[in-house]
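Participant: The structure that follows is given in the form of structure tokens.
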């Protein structure tokens with residue numbers, strides 16, 4: 004109690020500032036991807052063949068840091084368990100396919116990916132945004148039967164308060180992976196390329 | 420010698436300041452008390468209307484914050500949700516993998532603040548200025564949506580339950596019709612257990628659900 008009385012107001016403000024700075028030092032890892040009902044039932048009922056998932060890596064020429072982490076107002080946001088973001092995208096795809104009963108490591112059809120864009124902009128006091136893009140290829144043996152770059156962009160209302168804006172940015176950023184993959188699953192060219200009857 | 424004395428005093432003063440700051444930070448963070456609304460009580464095992472032959476189901480769970488997937492909160496609550504689904508007895512087995520027969524149960528809990536962000540900030544600011552002497556209360560709403568698809572291509576059955584967690588800051592009376600939670604984790608798990616249980620009760624009572 005005595006200690007409290009001795010603390011002048013500016014020091015209290017310093018506490019608040021310090022707490023904010025300390026909170027900002029924590030590295031946050033993106034949580035595990037969760038398949039949605041729409042994704043699972045959509046993939047299951049799509050009629051595509053079961054797929055293997057091959058290599059996912061950073062696109063040639065892209066900055067290596069892009070695959071390792073992004074930042075929300077100074078808070079580092081990393082992929083889980085020392086992965087890269089391209090590996091995170093690969094694992095999200097496998098999770099979706101497994102949940103829909105469409106994952107087969109022995110399948111002649113294999114999906115490959117290259118991360119071409121990965122951005123999180125959370126510094127704005129009124130809006131924030133994220134961009135995620137990847138080149139997806141479906142290989143049947145040595146032949147590419149699907150080859151497209153898909154891009155997912157989103158902006159959302161942000162807050163000047165970091166305690167609100169940072170978690171919100173992390174949630175929106177993580178959701179971009181599901182949204183990018185949803186674009187892939189909905190692409191009629193992808194579905195056609197993955198058709199069991201396509202030769 | 421004098422410099423050593425001065426630097427020693429500075430060090431002690433800095434250490435005391437940091438200690439005070441730590442104590443204050445802990446005290447301030449300890450001022451928040453959470454209460455789970457009593458509007459959605461636990462559903463007793465005997466109250467579930469179980470099908471004659473329960474089928475296995477694939478469970479999908481997502482926690483959302485204002486409609487956006489919150490992966491870290493999902494990780495925190497997924498075991499609680501799975502346990503609640505298993506304990507309901509509506510299904511013979513619960514797994515994240517596709518189930519024989521193709522039944523899918525999707526559980527989504529969406530956190531929609533009932534007290535607006537501006538209002539919550541204003542209240543919190545007011546409480547902070549008075550060092551907690553003037554308390555405040557904010558409420559977070561949770562919309563639990565349970566979707567069930569019995570087999571590929573079959574119609575979706577949807578049940579929705581609304582729940583709430585109240586938070587008081589500083590000197591504020593406990594909200595009416597609510598139960599104090601020892602910590603945030605317990606409050607969240609209690610809310611999830613009660614909301615999912617209530618939605619599953621509605622699902623079991625639906626004639627379209629496997630009876």
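Protein chains in written order, with the working numbering: chain G, 4 to 202; chain S, 420 to 630. Just so you know, even glycine gets a beta-carbon here, dropped at the ideal spot from N, CA and C. Being a predicted model, the structure only gives us computed values, none of them experimental.
From 194/G, 30/G and 49/G, pick the residue whose C-alpha is nearest to that of residue 572/S; which is it?
Facilitator: As a working mapping, residue 572/S is identified with position 153 in the second chain. Cα-wise, what sits closest to residue 572/S is 49/G.
Participant: Might you give, ordered along the chain, the residues of its own chain that have their beta carbon closer than 6 Å to the beta carbon of residue 613/S, omitting 5 neighbours on each side?
Facilitator: For the purposes of this step, residue 613/S is taken as the residue at position 194 of the second chain. If we look at residue 613/S and ignore the five residues flanking it on each side, its Cβ neighbours are 459 and 461.
Participant: Who are the neighbours of residue 572/S on chain G, taking C-beta pairs under 8 Å?
Facilitator: Along the second chain, read from residue 1 onward, the residue named residue 572/S stands at position 153. The answer, in chain order, is 48.
Participant: Note down, in chain order, each residue of its chain lying with its Cβ closer than 7 Å to the Cβ of residue 455/S, except the 5 sequence neighbours on either side.
Facilitator: As a working mapping, residue 455/S is identified with position 36 in the second chain. Only 584, 597, 598, 600, 606, 609 and 610 meet the Cβ criterion.
Participant: Could you give the distance in angstroms between the alpha-carbon of residue 478/S and the alpha-carbon of residue 509/S?
Facilitator: On the second chain, residue 478/S is found 59 positions in, with the first residue counted as 1. On the second chain, residue 509/S is found 90 positions in, with the first residue counted as 1. About 12 Å.
Participant: Please list the terminal residues of the continuous alpha helix (DSSP H) segment that includes residue 89/G.
Facilitator: Position 86 of the first chain, counted from the start, is the residue given in the question as residue 89/G. Unbroken alpha helix (DSSP H) run through residue 89/G: 88 to 102.
Participant: So who's on the other strand from residue 506/S, going by DSSP bridges?
Facilitator: As a first step, residue 506/S must be located in the second chain, where it is residue number 87. In the DSSP output, where bridge partners are listed per residue, residue 506/S has none listed.
Participant: At least one CB of chain G closer than 8 Å to the CB of residue 615/S: is that the case?
Facilitator: For this step, residue 615/S is matched to residue 196 along the second chain. No, because no Cβ of chain G sits closer than 8 Å to the Cβ of residue 615/S.
Participant: Indicate whether residue 93/G and residue 134/G have their beta-carbon atoms separated by less than 8 Å.
Facilitator: Within the first chain, the letter at position 90 stands for residue 93/G. Within the first chain, the letter at position 131 stands for residue 134/G. No.
Participant: Which residue comes first and which comes last in the alpha helix (DSSP H) that contains residue 175/G?
Facilitator: Position 172 of the first chain, counting from 1, holds the residue named residue 175/G. Per DSSP, residue 175/G is one residue of the alpha helix (DSSP H) stretching across 165 to 189.
Participant: Tell me the rounded alpha-carbon separation between residue 197/G and residue 124/G.
Facilitator: As a working mapping, residue 197/G is identified with position 194 in the first chain. As a working mapping, residue 124/G is identified with position 121 in the first chain. When rounded, the distance between both Cα atoms is 35 Å.
Participant: Using only alpha-carbon positions, find the residue among 51/G, 113/G and 122/G that is nearest to residue 75/G.
Facilitator: Taking the first chain and counting its residues from 1, one reaches residue 75/G at position 72. Answer by Cα proximity: 122/G.
Participant: Using a Cβ-Cβ distance cut-off of 8 Å, determine whether residue 490/S contacts chain G.
Facilitator: Counting from one through the second chain, the residue named residue 490/S turns up at place 71. Output row for residue 490/S: interface = yes.
Participant: For the region 508 to 527 of chain S, list every residue whose C-beta sits within 8 Å of some C-beta in chain G, in sequence order.
Facilitator: 515, 516, 517, 521, 523 and 525
Participant: Under 7 Å between beta-carbons, which chain G residues line up against residue 555/S? List them in chain order, please.
Facilitator: As a position in the second chain, residue 555/S is number 136, starting the count at 1. Within chain G, no C-beta atom comes less than 7 Å from the C-beta of residue 555/S; the nearest is roughly 16 Å away.
Participant: Determine, using beta carbons only, whether residue 119/G and residue 147/G come nearer to each other than 8 Å.
Facilitator: In the first chain, the residue the question calls residue 119/G occupies position 116. In the first chain, the residue the question calls residue 147/G occupies position 144. No.
Participant: Below 8 Å on the Cβ atoms is my guess for residue 116/G versus residue 161/G; work out the distance and round it to an integer in Å.
Facilitator: Taking the first chain and counting its residues from 1, one reaches residue 116/G at position 113. Taking the first chain and counting its residues from 1, one reaches residue 161/G at position 158. 29 Å between Cβ atoms; not a contact.
Participant: Is the separation between the beta-carbon of residue 182/G and that of residue 155/G shorter than 8 Å?
Facilitator: Counted from its first residue, the first chain places residue 182/G at position 179. Counted from its first residue, the first chain places residue 155/G at position 152. Going by C-beta atoms, residue 182/G is nearer than 8 Å to residue 155/G.
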